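Which chain is which? The protein sequence lines are A and B, in order. Quick note: the first sequence uses this note's numbering, first residue 1, plus one each step. Quick note: the second sequence uses this note's numbering, first residue 1001, plus one each step. For each residue, glycine too, the CB sits at the ideal point set by N, CA and C. Keep in mind the model is a prediction, meaning the values are calculated, not measured. Inspection log for the structure reproduced underneath, given as structure tokens.
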Amino acid sequence: MGNLGRSAWIIIGGGIFFFLLALPLTLSGYWVRLFTNIFLFAILAESVNIIAGYCGYLALGNIMFFGLGAYVEAVLMTKCGLSFFPSLLAAGAGAGIFAVLIGLPILRLKREYFLMGTMVLLILLREITSNISITGGGQGISLPLFPGNAARSNLFFYYLMFVLMNLSIACTFFISRSYLGYAFRAIRFDEDTASVMGINPTPYKTAAWALSAFFTGLAGGVYAYWMTYIEPGDVYHVAPSIKMFLMMVLGGGGTVLGPVAGAFFIEFISEFVWGRFLEIHFLILGLILVLVCIFTPKGFVFLFQGGFRLSKLMAGVKENKV
Amino acid sequence: MLLGQFIINGLLQGGFYACLAVPFSIVFGIMGMINLAHGTQVILGAYITYAVSLALGIDPFLTFPISMVSLFVLGYLIQKYIINLVAKGGLVITSLLTFGLNLIIINIILLIWKADYRGTNPWYMGMSFELSSVTIPYVRLGIFVIAILLTIVTEIFLRKTETGNAIVATAMNPRAAQLMGMDIGKTYCLTFAISSALGGAVGSLFILANPVSPFSGDNFFVILFVVAILGGVGSIPGALLAGLLLGLVESLSVVVFDIQYQKIILSIFCLLILIFLPNGLMGKRIYG
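Written out as structure tokens, the structure reads:
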């Protein structure tokens, strides 16, 4: 993509931004909700990108912060009578603080072990949520309805998700350009070498996971208020977690806009191609996962960089083949 | 003696856990891959037992060789034509790929057998004998014996046969093994096929005592992780020990806490092992 100038990219990016900003004025509720969902997954993919794409720590259970944020939001709004925005802030901050606390022991683990640790944490949070009374247990919990009619509620959540998505993109952009981003990439490349070069990995890894958890928790909080009903099996589900990894890998991990593009791509084809075949929904998602892993393990970005050629697909296969 | 009963229950369940996790641990140790589809391969074996015993009318206990053979073939083909294509792609790619396979297998099971719980009900179900006031159900004892035998046979196969030695050698140093003229791809295929076959056998045993649904495989994650790590990745004797220990922990946790907290206790147990004993009881990775 290097053959386009910098200013051309700013114009394209700005065009898409204002297009999405004006979109709900012309579209029906169905489309507005569809785009809200896409923004939601873009936030999730972008936040998993911070810890997995930049830092190289494969937090496969990262959706736990989504569930945590959703439940903090729900409990604060129903049991403590707080209004939406303060609870949302608490949802994000709660997820971030939890990531710091659990990250100090868990982030010491090597990659496979860290992956397993996050999956076990996801299961642990789901079981705890199902078994205590303040969260409503396995029956789930209902949130207060959004005041106003359906059209207003659609617009509210559309713009809220849109703002959060742009915040997460901006945050990733500043990370990628800052000292923090260089440290993250050094850790992904080789943690031992990074620490020899004077980067103490622990605070950086913890910061990366906390940021990732913060955005995931915010998304969870908005999701809970949007859906007005959540249950443990729904918000602590491993499949969306895998989906956001798929989006990240497809778009290109460790790039600013790759995961967002991956989220738009996957959610669009999910809605229009395989969303229509409920019986084989999993089968097609599984096939996409397998094909992406085989043919585009480095993401679309690398496939189209310097012109697309079919031989590039096969080169990727050859590289990883035993 | 209620405590004795809990200990026996735990040990019987633990033998099953060992056999459940050994193939996962072998694949982890030898290929450095976390096979997220393993639980569902086990469930596929369970459904094969269900279908075969229903269609042919044979005792479900005798169907496990059929699941083993069919999953051996399936595993070989999956490794040869799918996983081998990405085997060098790193952890994120192999985990995503195996989760994709997991979804595909779940969906195929759903299409054939629907989402209902299925179980087998042989005539000796619920029969048991007493051993100094401890009740031992025949089905559980049978599962335990077969599981332990399969685990021991696998260990002997890896240690004493030439093919087994080739697999272990590949795990220890793939490059050196390649220089000695071994075909890594073929060794990986065999490893995964053996792992799938064992998984299939475990599934056949699982459905004897528990009804299964297409999604039951996801419940195995914590058990697989605990046994593989606690036993030392790739070590079969270690897995046996860890499986028995896990069975005891699970069974005795009911004595202290309510049964609904069992999954929470197991998850916390797994986290503690990850944090404090990541190299297992033996203190080192056996190979891989």
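Test item: CB-CB of residue i and residue j under 8 Å
| i | j | result |
| --- | --- | --- |
| residue 57 (chain A) | residue 205 (chain A) | yes |
| residue 1049 (chain B) | residue 1204 (chain B) | yes |
| residue 1223 (chain B) | residue 128 (chain A) | no |
| residue 323 (chain A) | residue 161 (chain A) | Any question about residue 323 (chain A) goes unanswered here, given that chain A covers just 1 to 322. |
| residue 118 (chain A) | residue 181 (chain A) | no |
| residue 114 (chain A) | residue 1092 (chain B) | no |
| residue 91 (chain A) | residue 230 (chain A) | no |
| residue 1075 (chain B) | residue 1196 (chain B) | yes |
| residue 1253 (chain B) | residue 1260 (chain B) | no |
| residue 35 (chain A) | residue 225 (chain A) | no |
| residue 1190 (chain B) | residue 1167 (chain B) | yes |
| residue 51 (chain A) | residue 170 (chain A) | no |
| residue 1032 (chain B) | residue 1245 (chain B) | no |
| residue 327 (chain A) | residue 140 (chain A) | Residue 327 (chain A) lies beyond the residue range present for chain A, which begins at 1 and ends at 322; the question has no answer from this structure. |
| residue 1199 (chain B) | residue 1023 (chain B) | yes |
| residue 317 (chain A) | residue 294 (chain A) | yes |
| residue 145 (chain A) | residue 228 (chain A) | yes |
Coarse secondary structure for residue i, derived from DSSP in three states
| i | result |
| --- | --- |
| residue 1124 (chain B) | coil |
| residue 946 (chain B) | Nothing in the structure corresponds to residue 946 (chain B), since chain B is present only between 1001 and 1288. |
| residue 1131 (chain B) | strand |
| residue 1212 (chain B) | strand |
| residue 334 (chain A) | The question about residue 334 (chain A) has no answer, for chain A in this structure spans 1 to 322. |
| residue 1175 (chain B) | helix |
| residue 1117 (chain B) | coil |
| residue 270 (chain A) | helix |
| residue 332 (chain A) | The structure shown does not extend to residue 332 (chain A), since chain A is modelled only from 1 through 322, so no value can be given for it. |
| residue 133 (chain A) | coil |
| residue 230 (chain A) | strand |
| residue 141 (chain A) | strand |
C-alpha distance - residue i paired with residue j, whole-angstrom precision
| i | j | result |
| --- | --- | --- |
| residue 1288 (chain B) | residue 150 (chain A) | Caution applies to residue 1288 (chain B), whose pLDDT of 40 falls short of 50 and renders its modelled position unreliable; the value that the coordinates give is listed next. Going by the C-alpha atoms only, they are around 57 Å apart. |
| residue 107 (chain A) | residue 1231 (chain B) | 22 Å |
| residue 269 (chain A) | residue 1139 (chain B) | 48 Å |
| residue 1110 (chain B) | residue 5 (chain A) | 50 Å |
| residue 184 (chain A) | residue 201 (chain A) | 8 Å |
| residue 236 (chain A) | residue 1133 (chain B) | 43 Å |
| residue 1083 (chain B) | residue 262 (chain A) | 23 Å |
| residue 1025 (chain B) | residue 1233 (chain B) | 6 Å |
| residue 1063 (chain B) | residue 1018 (chain B) | 20 Å |
| residue 1258 (chain B) | residue 1003 (chain B) | 16 Å |
| residue 1047 (chain B) | residue 210 (chain A) | 42 Å |
| residue 1045 (chain B) | residue 1238 (chain B) | 25 Å |
| residue 1149 (chain B) | residue 1079 (chain B) | 26 Å |
| residue 124 (chain A) | residue 232 (chain A) | 11 Å |
| residue 87 (chain A) | residue 1088 (chain B) | 45 Å |
| residue 1249 (chain B) | residue 1210 (chain B) | 20 Å |
| residue 301 (chain A) | residue 1101 (chain B) | 25 Å |
| residue 1240 (chain B) | residue 1187 (chain B) | 24 Å |
| residue 220 (chain A) | residue 1152 (chain B) | 47 Å |
| residue 1175 (chain B) | residue 71 (chain A) | 49 Å |
| residue 1069 (chain B) | residue 265 (chain A) | 40 Å |
| residue 1 (chain A) | residue 189 (chain A) | Since pLDDT at residue 1 (chain A) reaches only 47, below the 50 mark, its modelled position is unreliable, and the value read off the structure follows with that caveat. Residue 1 (chain A) and residue 189 (chain A): Cα-Cα distance of roughly 24 Å. |
| residue 1179 (chain B) | residue 1008 (chain B) | 49 Å |
| residue 1177 (chain B) | residue 1162 (chain B) | 13 Å |
| residue 1135 (chain B) | residue 1128 (chain B) | 7 Å |
| residue 1028 (chain B) | residue 1156 (chain B) | 19 Å |
Whole-number beta carbon distance between residue j and residue i, since they are thought to touch under 8 Å
| i | j | result |
| --- | --- | --- |
| residue 63 (chain A) | residue 212 (chain A) | Wrong, their Cβ atoms sit about 11 Å apart, outside the cutoff. |
| residue 217 (chain A) | residue 95 (chain A) | 3 Å |
| residue 1273 (chain B) | residue 1236 (chain B) | Contact doesn't hold; Cβ gap of about 18 Å is too wide. |
| residue 249 (chain A) | residue 290 (chain A) | 12 Å between Cβ atoms; not a contact. |
| residue 215 (chain A) | residue 168 (chain A) | 5 Å |
| residue 143 (chain A) | residue 197 (chain A) | In fact, because the Cβ distance is near 48 Å, the residues do not count as touching under 8 Å. |
| residue 120 (chain A) | residue 1225 (chain B) | 6 Å |
| residue 247 (chain A) | residue 1034 (chain B) | No, residue 247 (chain A) and residue 1034 (chain B) are not in contact; Cβ-Cβ is about 20 Å, not under 8 Å. |
| residue 43 (chain A) | residue 164 (chain A) | 6 Å |
For residue i, the nearest candidate out of the options (CA to CA)
| i | options | result |
| --- | --- | --- |
| residue 1202 (chain B) | B:1052, B:1144, B:1006, B:1098 | B:1144 |
| residue 1036 (chain B) | B:1002, B:1192, B:1181, B:1134 | B:1192 |
| residue 1115 (chain B) | B:1020, B:1043, B:1194 | B:1043 |
| residue 54 (chain A) | A:243, A:253, A:315 | A:253 |
| residue 1118 (chain B) | B:1225, B:1087, B:1226, B:1216 | B:1216 |
| residue 111 (chain A) | A:9, A:99, A:187, A:98 | A:187 |
| residue 239 (chain A) | A:31, A:13, A:23, A:66 | A:66 |
| residue 296 (chain A) | B:1060, B:1086, B:1161, B:1007 | B:1086 |
| residue 17 (chain A) | A:316, A:266, A:174, A:159 | A:159 |
| residue 102 (chain A) | B:1280, B:1120, B:1268 | B:1268 |
| residue 1275 (chain B) | A:89, A:173, A:104 | A:104 |
Residue i CB to nearest heavy atom of the ligand HEM below 7 Å
| i | result |
| --- | --- |
| residue 152 (chain A) | Looking at this structure, you won't find the ligand HEM or any other ligand, since it has none at all. |
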